[in-house]
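Position 155 (the sequence shown) corresponds to 138 in the working numbering; numbering is contiguous.
We put the CB at the ideal spot given by N, CA and C, even for glycine.
A short worksheet on the structure shown next.
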Amino acid sequence: MEQFHVSEDTVLTWLNGGVTHMDGGAMFGVVPKPLWSKKYPANENNQIELRSDPILIQLPGRNILLESGMGKDRLSEKAKRNFGVTEESRVPEDLARLGLSVEDIDTVIMTHLHFDHACGLVEETNSGPVPAFPNADIIVSRTEWNEMKHPTIRSRNTYFEENWKPAAHQVKPFDEEIEVAPGIRMIHTGGHSAGHAIIHISRGERDIWHFADILPTHAHQNVLWVLAYDDYPMDSIAKKQQYAVPAVQRSDWVLFYHDYKYRMIRWTSDGRAVEEALFREGETPGKP
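As structure tokens, this is what we get:
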């Protein structure tokens, strides 16, 4: 498990939340494949590897989980094929390696509630589905929570009833912005979904951003490279201009939930090169 020490009292740890393989064209929208494939490799089916790895944020007396992973046994075999799921979540096992259990998670931060982020909120048992993190508050924007419960004709294919009903009593929605813990803010942006949010971690002397699915991989740094999956692509572009461009110019850290290669990146101020990076285990700087 990769770890990053934000400050003396704050540690990030990436857990194994499973992996999907989604269509590369959909993930890069109108960007031609000859351009995006130079930055992010595709398989023979034009699918790209997308991790779904939650980040454990440990503060004094707090265990906060950023995103929830794919969960285990949450999808049908047909859905696994369609979404290219080749690995399911091992979050409980990874927590155990850290001397923790799912009961020790006190807060789950959800940038949005699409299936690849929210399936891990629920655990399947012989008695039926139950909350995967029974003692946690689940923090999500009010707009996102409302659409999860009342999806549109477009979004009902990713907002699954079985991902919210068992854990509904744990949800604590916010409006435009909330400080989840000292130095950890959630900011409602919209874009990828109407209720999409980003995370800003400012503890010690570091500033770290999680732009979630408006900048899901290192290859999406260009403000115009947005997903065909985005419900409001112009909002994604505007929020990348507002938040991501200044973060890159300041050489702030950017962390990822989906990237196959990088856990975190700090670009040079012009955004043209990687200044510093934390790689996923097994990945090396020599690969695309």
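Cβ neighbours of residue 10 in the same chain (closer than 7 Å, five flanking residues each side left out): Taking the first residue of the sequence shown as 1, we reach residue 10 at position 27. In the same chain as residue 10, and ignoring 5 residues on each side of it, the C-beta atoms closer than 7 Å to its own belong to 31, 210, in chain order.
Backbone secondary structure at residue -14 - three-state DSSP: Here residue -14 corresponds to residue number 3 of the sequence shown, with the count starting at 1. Looking at residue -14 - three-state DSSP - the assignment turns out to be strand.
Three-state class that DSSP yields for residue 146 in the structure shown: In the sequence shown, residue 146 corresponds to position 163, counting from 1. Three-state DSSP puts residue 146 in a helix.
Beta-carbon contacts of residue 246 that lie in its chain and below 6 Å, excluding the five residues immediately before and after: On the sequence shown, residue 246 is found 263 positions in, with the first residue counted as 1. Closer than 6 Å at the Cβ level, and outside the excluded window around residue 246, lie -15, -3, 261, 263.
Collapsed DSSP secondary structure at residue 209 in the structure displayed: Residue 209 sits at position 226 when you count from the first residue of the sequence shown. Residue 209: coil per DSSP, three-state reduction.
Separation of residue 151 from residue 194, as counted between CA atoms: Position 211 of the sequence shown, counted from the first residue, corresponds to residue 194. Position 168 of the sequence shown, counted from the first residue, corresponds to residue 151. Those two C-alpha atoms are separated by around 25 Å.
Residue 1 versus residue 90 - alpha carbon distance: If you number the sequence shown from 1, residue 1 lands on position 18. If you number the sequence shown from 1, residue 90 lands on position 107. In this model, residue 1 and residue 90 are separated by some 20 Å (Cα to Cα).
Cβ-based neighbour list, residue 153, same chain, cut-off 7 Å, excluding 5 preceding and 5 following: By one-based count along the sequence shown, residue 153 stands at place 170. For residue 153, where only same-chain residues beyond five positions count, the Cβ hits under 7 Å are 114, 119, 120, 121.
Alpha-carbon to alpha-carbon, residue 112 and residue 197: In the sequence shown, counting from the first residue as 1, residue 197 sits at position 214. In the sequence shown, counting from the first residue as 1, residue 112 sits at position 129. Approximately 30 Å between the Cα atoms of the pair.
Backbone CA spacing between residue 56 and residue 80 [nearest angstrom]: Taking the sequence shown and counting its residues from 1, the one referred to as residue 56 is at position 73. Taking the sequence shown and counting its residues from 1, the one referred to as residue 80 is at position 97. It is roughly 22 Å from the alpha-carbon of residue 56 to the alpha-carbon of residue 80.
At least three beta-carbon pairs within less than 8 Å, the stretch 228 to 244 to the stretch 198 to 205: Yes, since at least three Cβ pairs between the stretch 228 to 244 and the stretch 198 to 205 fall closer than 8 Å, the two stretches touch.
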